[in-house]
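Chemist: In the working numbering, the protein residues as written are 41 to 168.
In this text, a Cβ means the ideal position worked out from N, Cα and C, and glycines have one as well.
This one's a predicted model, so the numbers in the text were calculated from it and none came from an experiment.
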């Protein structure tokens with residue numbers, strides 16, 4: 041046999057062994073019990089062979105939904121506060137840039153220009 045056919049056979053063998061090993065590891069190492077959801081209590085056991093939901097499971101589900109809604113509400117409140125703070129900062133920055141521009145105009149008219157501003161500040165001032 042030629043060397044290229046041996047190398048091709050070896051590549052197929054290594055790929056097959058890797059696939060089988062990866063599949064086996066995926067099935068044995070990943071179970072629902074090993075991947076707990078963050079912040080969730082384990083669900084109560086359910087009776088086997090029935091489609092009914094136990095009162096314990098119903099209460100557990102209600103508790104999980106209530107805690108999820110509370111976390112979402114907290115995140116929405118924090119986002120609204122951050123947005124308000126960003127709007128206030130933007131307004132204050134705009135006022136500061138307008139003040140700098142007015143001072144620059146006054147001093148330039150008096151023959152004493154300010155030290156040239158950073159190009160980013162000039163662009164921000166002119167964009168308003």
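(1) Indicate whether the contact test is met: 3 or more Cβ pairs, each with one atom in the segment 156–167 and one in the segment 136–148, closer than 8 angstroms.
(2) Locate the alpha helix (DSSP H) running through residue 130, then write down its first and last residues.
(3) I need the boundaries of the alpha helix (DSSP H) containing residue 160, first residue and last residue.
(4) In whole angstroms, give me the CA-to-CA distance for residue 122 and residue 109.
(5) Helix, strand or coil for residue 51? Go by DSSP, reduced to three states.
Modeler: In terms of the structure at hand:
(1) yes
(2) Where residue 130 is concerned, the enclosing alpha helix (DSSP H) starts and stops at 95–149.
(3) Segment 159–167, the alpha helix (DSSP H) holding residue 160.
(4) 20 angstroms
(5) Helix at residue 51.
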